[in-house]
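Beneath this line is the structure, given in structure tokens, with notes to follow.
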Amino acid sequence: MAPAIHSFPAAELPLAVQVDVDGKRRRTEDMRRPVDLVQDCELSTLFQYECYIDHPEMRDSRVRCWPVQRFFRQCQDKKGKFTVETTAWEGPAAAAAAAAAASSVTPTKN
1 MAPAIHSFPA AELPLAVQVD VDGKRRRTED MRRPVDLVQD CELSTLFQYE
51 CYIDHPEMRD SRVRCWPVQR FFRQCQDKKG KFTVETTAWE GPAAAAAAAA
101 AASSVTPTKN
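Residue numbers (UniProt numbering): 1 to 110.
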């Protein structure tokens, strides 16, 4: 079983990321400043699907699924890379920006 984790409001993420899982302060490569989620960490996304069965009691019931976009930042400290989920912190604006960027990609012909 995975260990219990401490939960906190999304607004506290920039402060919470300064401490590792052992409660020790993270140190950046130059050791002079705290980790900056926007400047130091690369944004990545992942889609998961949330699905519902219309009538679970019926064997052939329709299953409906919707994509759920999640955001992560991959950061680097003195010990190596670590990943932080930032979905709630990034907010709806990040989802809109990601959708706009994806729709502006022009497919190439081979």
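All residues carry an ideal CB built from backbone N, CA and C; glycine is no exception.
Tell whether a beta-carbon distance below 8 Å holds between residue i and residue j.
| i | j | result |
| --- | --- | --- |
| residue 2 | residue 8 | no |
| residue 35 | residue 18 | yes |
| residue 46 | residue 73 | no |
| residue 83 | residue 70 | no |
| residue 78 | residue 29 | yes |
| residue 49 | residue 68 | yes |
CA-CA distance, residue i and residue j?
| i | j | result |
| --- | --- | --- |
| residue 75 | residue 26 | 11 Å |
| residue 95 | residue 101 | 10 Å |
| residue 92 | residue 85 | 15 Å |
| residue 65 | residue 40 | 35 Å |
| residue 14 | residue 99 | 25 Å |
| residue 5 | residue 55 | 35 Å |
| residue 21 | residue 81 | 13 Å |
When burial is assigned at 16 or more other CB atoms within 10 Å of the CB, is residue i buried or exposed?
| i | result |
| --- | --- |
| residue 90 | buried |
Could you check whether the Cβ of residue i sits closer than 8 Å to any Cβ belonging to chain C?
| i | result |
| --- | --- |
| residue 83 | Of the protein chains in the structure, only one exists, and it is not chain C. |
**Item:** Runs of alpha helix (DSSP H) lying entirely within the region 14-56, each at least 4 residues, in chain order
**Value:** Within the region 14-56, the complete alpha helix (DSSP H) runs of at least 4 residues are 37-40.
**Message:** At 4 residues or longer, what runs of the alpha helix (DSSP H) sit wholly inside the region 74-99?
**Reply:** Scanning the region 74-99 for uninterrupted alpha helix (DSSP H) segments of 4 residues or longer gives nothing; none is fully contained.
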